[in-house]
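Residue numbers (this note's numbering), protein chains in the order written: chain V, 313 to 501; chain A, 16 to 339.
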């Protein structure tokens, strides 16, 4: 893997630090009038999601991390692993609960997800930004109430719970933003 | 079609740059200081391990290395030794490895020398010049802060405590994560970490701040005043947390100067950097006799950037290096 010096650090570069793959978010060069120059670097640990600032001596270097984002199709979950397939090689990858994280609650099958691979093993899974799912549980709808702005919880077929308008009924299909867990609209077949 | 043929700085900024350069010329003309020009290319280069010279070759691609100057200090001191009297220069200087929001590998350095002055008197003149160039900025009277007091006030530690442990603890207390320290971490490593992360952001807020009386180990080409601890007769100017100028009461002792250049080259070897050829003509000038003097170098691009309230040095350059 390539070695990157501080002067090659830039937003988006993936590097290994303390044994974990990290993404560089910002890199600021600082130097006293005379003396040691430093790079103040904001990083995201791609395993834990932690974001923090680390200072390097200018000229220090880090090994690149073999991290790539691949669009894959979600096949099925077996209770322990979530299985994905590469669209071109048809190679299958299994993500455990740690890796799948919150994305699991939006997936029922056939969604195109972004799977982040580290050394060819799943590290992170991002659900599609928008999914369409059926309501399986909610209080009876208040017909015609499209004006009051009130909301109620609704359970979707994958188990996710979102706030929805009062007029939503069991059996309806909803478009939801997975990044914010927000209801967007009803979808008619 | 690529749009990066266009200048990065606005026309208004380029006009402000021209006004600032005219203001500098007027300031020194009124004071009878001689404007000079010295070479950008030299067979010698600074041996300071924290400065990286760019190089080309002359004559032709097979000739010996010629280094682009990182400051015009050595030839200007040769002029002083030859009896020039007070001199100033606007120099385009070059530093490799320095790129960031406040750093550009090629920049405009204003450097001047006053014969018979000490660094304290020169510090006051720096404040006068910058005050004149920033006419219209609401600035309180300049602050003069000893390096030690700046650390006590802003980093909560005495930088002259004698060993690294209190400095290391202060680094941790400020939440600075610098990873494992290098094997060669000396006091100055910890001091520089604290200065850049904990002290500098507080300096020059609403006024100019001058730091002075640096550790002797950071004297560079300044005189060291004996004492406990011995202190470098050196100052730095800060405004809005940004370092703008560095001044010295100049070292005139040729033997001591040679020793410092050789020490710097030894440090380069330890850091795995190439040694730089010493400027023997500069050393010869010191042996012939450099008059008592004080000198300072000020970053013009940064001053302009701050004066105009711009976020990056690129915004005051017609064509930053990536589109040069």
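Beta carbons are placed, not taken as given, at the ideal position from N, Cα and C, and that holds for glycine.
{"Query": "Neighbourhood of residue 23 (chain A) by C-beta distance below 8 Å, restricted to the same chain and skipping five residues each side", "Result": "329, 330, 332, 333, 334, 335, 338"}
{"Query": "Cβ contact (3+ pairs, closer than 8 Å) linking the segment 78-92 of chain A and the segment 101-108 of chain A", "Result": "yes"}
{"Query": "Residue 280 (chain A) at chain V interface by Cβ criterion, 8 Å", "Result": "no"}
{"Query": "Chain A residues whose Cβ lies nearer than 9 Å to that of residue 377 (chain V)", "Result": "Under the 9 Å cutoff, chain A gives no residues; its nearest Cβ is about 17 Å from residue 377 (chain V)."}
{"Query": "Beta carbon proximity, residue 314 (chain V) to chain A, threshold 8 Å", "Result": "no"}
{"Query": "7 Å Cβ cut-off: residues of chain A touching residue 345 (chain V)", "Result": "251, 258, 261"}
{"Query": "Residue span of the alpha helix (DSSP H) that contains residue 410 (chain V), given as start and end", "Result": "409-412"}
{"Query": "As assigned by DSSP and simplified to three states, the class of residue 366 (chain V)", "Result": "strand"}
{"Query": "Residue nearest to residue 118 (chain A) in terms of C-alpha spacing, selected from A:100, A:70, A:66, A:144", "Result": "A:66"}
{"Query": "Buried or exposed by the 16-neighbour rule on C-beta atoms within 10 Å, applied to residue 308 (chain A)", "Result": "buried"}
{"Query": "Own chain, CB closer than 6 Å to residue 133 (chain A), minus 5 neighbours either side, in chain order", "Result": "264, 309"}
{"Query": "Option nearest residue 393 (chain V) by Cα separation, candidates V:403, V:408, V:385, V:384", "Result": "V:408"}
{"Query": "Below-8 Å beta-carbon distance, residue 233 (chain A) vs any chain V residue", "Result": "yes"}
{"Query": "Any chain A beta carbon closer than 8 Å to residue 353 (chain V)", "Result": "no"}
{"Query": "Beta carbon of residue 334 (chain V) nearer than 8 Å to that of residue 357 (chain V)", "Result": "yes"}
{"Query": "3-residue-minimum beta strand (DSSP E) runs that sit fully inside the segment 87-140 of chain A, ordered along the chain", "Result": "102-109, 121-130"}
{"Query": "Bridge-paired residues (DSSP) for residue 396 (chain V)", "Result": "V:386, V:405"}
{"Query": "Residue from V:346, V:495, V:351 whose Cα sits closest to the Cα of residue 339 (chain V)", "Result": "V:351"}
{"Query": "Those residues which DSSP pairs with residue 276 (chain A) across a bridge", "Result": "Residue 276 (chain A) is not bridged to any residue."}
{"Query": "Cβ of residue 135 (chain A) within 8 Å of any chain V Cβ", "Result": "no"}
{"Query": "Residue closest to residue 260 (chain A), alpha-carbon to alpha-carbon, out of A:239, A:101, A:249", "Result": "A:249"}
{"Query": "Any chain A beta carbon closer than 8 Å to residue 321 (chain V)", "Result": "no"}
{"Query": "Chain A residues whose Cβ lies nearer than 8 Å to that of residue 356 (chain V)", "Result": "What residue 356 (chain V) touches in chain A: nothing, since even the nearest Cβ is about 14 Å away."}
{"Query": "Sequence-distant residues of the same chain with beta carbon closer than 6 Å to residue 462 (chain V), five excluded per side", "Result": "478"}
{"Query": "C-alpha distance - residue 77 (chain A) paired with residue 90 (chain A), whole-angstrom precision", "Result": "26 Å"}
{"Query": "Residues that residue 401 (chain V) contacts on chain A, provided the C-beta gap is smaller than 9 Å", "Result": "Under the 9 Å cutoff, chain A gives no residues; its nearest Cβ is about 36 Å from residue 401 (chain V)."}
{"Query": "C-alpha distance - residue 412 (chain V) paired with residue 327 (chain V), whole-angstrom precision", "Result": "22 Å"}
{"Query": "Residue from V:469, V:487, V:490, V:343 with nearest C-alpha to residue 113 (chain A)", "Result": "V:343"}
{"Query": "Short CB-CB distance (under 8 Å) between residue 367 (chain V) and chain A", "Result": "yes"}
{"Query": "Three CB pairs or more closer than 8 Å across the segment 140-155 of chain A and the segment 218-227 of chain A", "Result": "yes"}
{"Query": "Whole-angstrom C-beta distance between residue 424 (chain V) and residue 440 (chain V), which should lie under 8 Å", "Result": "6 Å"}
{"Query": "Cβ distance (whole Å) where residue 444 (chain V) is taken to contact residue 384 (chain V) below 8 Å", "Result": "Actually they do not touch by this definition, with Cβ atoms about 19 Å apart."}
{"Query": "Nearest-angstrom Cβ-Cβ length linking residue 69 (chain A) and residue 315 (chain A), presumed shorter than 8 Å", "Result": "No, residue 69 (chain A) and residue 315 (chain A) are not in contact; Cβ-Cβ is about 19 Å, not under 8 Å."}
{"Query": "Residues of its chain near residue 256 (chain A), where Cβ-Cβ distance is below 8 Å and the 5 sequence neighbours each way are ignored", "Result": "215, 216, 217, 218, 219, 220"}
{"Query": "Chain-ordered residues of the segment 172-195 of chain A with a beta carbon less than 7 Å from chain V", "Result": "191, 192, 193, 194"}
{"Query": "Residue 346 (chain V), buried or exposed, once every other Cβ within 10 Å from all chains shown has been counted against 16", "Result": "buried"}
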